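J.: Take this structure, written in structure tokens, and hold onto it; I'll ask about it next.
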Amino acid sequence: SMSRGRSQGGLPPDDVVQTPEEILRDCDRLIAKYHDPKPFAMCRIVLAPCSPFSVTTELLAETAVYARTKKVFLHTHLCETKDEEDFCLKTLGLRPLDYMEKTGWVGPDVWYAHGIYFNDDEIRRLAETKTGVAHCPSSNLRLGSGIAPIPKMLEAGVRVGLAVDGSASNDSSNFVREMQMALLVHRVGTAVDAMPPQKVLEMATRGGAAILGQPEIGSVEVGKAADLALFRLDRLEYAGAMADPPSALLFCGAGPRAEYTVVAGKVVVEKGRLVGMDEEAIVEHANRVAETMLAAAEQKRGMSYR
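Residue numbers (the working numbering): 100 to 405.
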């Protein structure tokens, strides 16, 4: 949600923001219609104001109270850029995490995307409050935002999951590629053991399940959801790397597609292709829609994006 437009010192254009009343009314509608709190649920609603500079203080605080009344989780982007930090200090007189604490936005039912500019004291407080962080290395590098101090967070006991942010700032949304990025980026200027493959796999599986509050997923165990991604390692790029298959997947492959993907016991990818879907038609449709959107943006902004 976004309620603070540029005329109020916010980030989004005024023509895309909504009133707090509209936002909360729609939250109520979506929770009533779609939220399923039961274990193994396939659809849950999370309340997610876009960022500290996209919504008002009042809406942030009201959203936190409302979410806990409805027993749904909270999510937003935080400490992604220095601009955000500067905005919070100048406009609100607080660092981003201090501001979120003031509005009730910490706890085991909250997770933030990014977290690039948390300092050591803030990392300690994240761990103490069990507030989660979704690490999005590809997006952070693509936008030049920075590198989140994930090794420090893990050492301090912060709950960290791995994420791809969104297609607008990631492009491929390839989760294996995201694991590879997380594996390598934290070794820059540090040491080869700063981010071992096992830690990356932990973030990508159990870590994500923990911050989502879904203990029924995240690992292959009796009684847990049958969610599996299976990769073929009998290909040329993995030759000679079978002493450590998880490391082979992260170090040797070029962001491979899963051979099989199973979600809640249902096969949704078979032999590397989506089951029951025409991939070529999807590509054609996406390209057509993208062209329409690009033309509309060019007309509105009076500039070429090509």
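The beta-carbon is built from N, C-alpha and C at its ideal position, and this holds for glycine as well.
Every value quoted in this text rests on a predicted model; they were computed, and no experiment measured them.
(1) Just to check my reading of the structure: Ala263 and Met252 have Cβ atoms closer than 8 angstroms, yes? What is that Cβ distance to the nearest angstrom?
(2) Let me know the beta strand (DSSP E) ranges lying completely inside the stretch 327-363, each 3 residues or longer, listed in chain order.
(3) If I measure Cβ to Cβ from Phe330 and keep anything under 7 angstroms in the same chain, skipping five residues before and after, which residues do I get?
(4) For Met302, does the count of other Cβ atoms within 10 angstroms reach 16, so buried, or fall short, so exposed?
(5) What does the Cβ neighbour count give for Met294, buried or exposed, with the cut at 16 atoms within 10 Å?
(6) Put Glu369 into one of helix, strand or coil per three-state DSSP.
(7) Here's the rule: buried if 16 or more other CB atoms are within 10 angstroms of the residue's CB, otherwise exposed. What is Val291?
(8) Assuming Gly109 and Phe152 make a contact with CB atoms under 8 angstroms, what is their CB distance in whole Å?
(9) Hey, is the stretch 156-168 in contact with the stretch 176-186, meaning 3+ C-beta pairs nearer than 8 angstroms?
(10) According to DSSP, is Tyr404 part of a helix, a strand, or is it coil?
(11) Apply the 10 Å Cβ neighbour rule to Lys158 and answer buried if 16 or more other Cβ atoms are within range, or exposed otherwise.
(12) What is the DSSP secondary structure of Phe139, counted as helix, strand or coil?
(13) Taking the Cβ atom as the reference point for each residue, do Met101 and Val154 lie within a distance shorter than 8 angstroms?
(14) Hey, would you say Asn269 sits closer than 8 angstroms to Ser244, going by beta carbons?
(15) Around the C-beta of Leu393, are 16 or more other C-beta atoms found within 10 angstroms, so that it is buried, or is it exposed?
T.: Let's see:
(1) The residue labelled residue 263 in the question sits at position 164 within the sequence shown. The residue labelled residue 252 in the question sits at position 153 within the sequence shown. Looking at the sequence provided, one finds Val at residue 263 rather than Ala. The Cβ separation is near 18 angstroms, so there is no contact.
(2) 327-329, 359-362
(3) Working through the sequence shown from its first residue, we reach residue 330 at position 231. Excluding sequence neighbours, Phe330 sits near Leu348, Pro355, Ala357, Glu358.
(4) Counting from 1 along the sequence shown, the entry for residue 302 is found at position 203. Burial call: buried.
(5) Along the sequence shown, read from residue 1 onward, the residue named residue 294 stands at position 195. Counting Cβ neighbours within 10 Å, Met294 comes out buried, since at least 16 surround it.
(6) In the sequence shown, residue 369 corresponds to position 270, counting from 1. Of the three classes helix, strand and coil, the one that applies to Glu369 here is strand, per DSSP.
(7) The residue labelled residue 291 in the question sits at position 192 within the sequence shown. Looking at its Cβ environment, which holds fewer than 16 other Cβ atoms inside 10 Å, Val291 is exposed.
(8) Counted from its first residue, the sequence shown places residue 109 at position 10. Counted from its first residue, the sequence shown places residue 152 at position 53. So it is a contact: roughly 5 angstroms between Cβ atoms.
(9) no
(10) The sequence position of residue 404 within the sequence shown is 305, counting from 1. The answer is coil: DSSP assigns Tyr404 none of H, G, I, E or B.
(11) On the sequence shown, position 59 is the one that residue 158 refers to. Note that residue 158 is Leu in the sequence shown, not Lys. Buried: at least 16 other Cβ atoms inside 10 Å.
(12) As a position in the sequence shown, residue 139 is number 40, starting the count at 1. Residue state, collapsed to three classes: coil.
(13) What you label residue 101 is simply residue 2 of the sequence shown in a count that begins at 1. What you label residue 154 is simply residue 55 of the sequence shown in a count that begins at 1. Yes. Within cutoff.
(14) Counting from 1 along the sequence shown, the entry for residue 269 is found at position 170. Counting from 1 along the sequence shown, the entry for residue 244 is found at position 145. Their beta carbons are not under 8 angstroms apart, which means Asn269 does not touch Ser244 by this criterion.
(15) Taking the sequence shown and counting its residues from 1, the one referred to as residue 393 is at position 294. Exposed, since its Cβ has fewer than 16 Cβ neighbours within 10 Å.
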